[in-house]
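Novice: Submitted below is the structure of interest, expressed as structure tokens.
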Amino acid sequence: MELIKKIKDAEAQANEMISQAKAESQKKVEESKSVRRERIEQSERERTKAIDAAEKQAESQANQEVQQLKDQANQKKQQLRDATNVKIDSAVQKVMDYLRG
Numbered sequence: 002m003e004l005i006k007k008i009k010d011a012e013a014q015a016n017e018m019i020s021q022a023k024a025e026s027q028k029k030v031e032e033s034k035s036v037r038r039e040r041i042e043q044s045e046r047e048r049t050k051a052i053d054a055a056e057k058q059a060e061s062q063a064n065q066e067v068q069q070l071k072d073q074a075n076q077k078k079q080q081l082r083d084a085t086n087v088k089i090d091s092a093v094q095k096v097m098d099y100l101r102g
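Using the numbering used here, you'd call the opening residue of the sequence shown number 2 and step up by one each time.
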């Protein structure tokens with residue numbers, strides 16, 4: 002009888018240890034999933050932040066290039082106006098000389 006009781010107690014103790022091990026294992030799995038989820042979320046935030054920064058930098062650079070192109074276009078327009086004005090003045094003078102006779 003005593004031996005049967007000891008065996009049953011040992012079985013109960015073994016089952017309790019198994020249950021505790023399963024619970025502990027499940028807890029560690031959940032903690033691991035939580036840590037993984039947090040790392041993924043952090044990586045996603047950092048990725049989004051890096052993309053936003055790159056977009057802002059690209060926009061700023063594009064705006065600078067647009068401004069440079071506008072400035073160049075204005076300079077070329079002014080040069081063309083200046084060159085045209087010289088030719089217009091010369092043509093007007095020739096017409097006036099012709100009309101004066």
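Think of the CB as a built atom: it goes at the ideal place given N, C-alpha and C, for glycine as much as any other residue.
Given this structure, state the Cα-to-Cα distance separating Asn-86 from Lys-57, to the nearest angstrom.
Specialist: Here the question's residue 86 lines up with position 85 in the sequence shown. Here the question's residue 57 lines up with position 56 in the sequence shown. Whole-angstrom Cα-Cα distance: 43 Å.
Novice: Locate the alpha helix (DSSP H) running through Met-97, then write down its first and last residues.
Specialist: Position 96 of the sequence shown holds residue 97. Where Met-97 is concerned, the enclosing alpha helix (DSSP H) stretches over 3–101.
Novice: Could you check the C-alpha separation between Glu-32 and Gln-43 for me, to the nearest Å?
Specialist: One-based indexing of the sequence shown puts residue 32 at position 31. One-based indexing of the sequence shown puts residue 43 at position 42. Distance between the alpha carbons of Glu-32 and Gln-43: 16 Å.
Novice: Ser-35 to Gln-69, Cα distance in whole Å?
Specialist: The residue labelled residue 35 in the question sits at position 34 within the sequence shown. The residue labelled residue 69 in the question sits at position 68 within the sequence shown. Rounded to whole angstroms, Ser-35 to Gln-69 spans 51 Å at the Cα level.
Novice: Expressed to the nearest angstrom, what Euclidean distance is found between the alpha-carbon atoms of Ile-8 and Glu-25?
Specialist: Position 7 of the sequence shown holds residue 8. Position 24 of the sequence shown holds residue 25. Using only the alpha carbons, I get a separation of about 25 Å.
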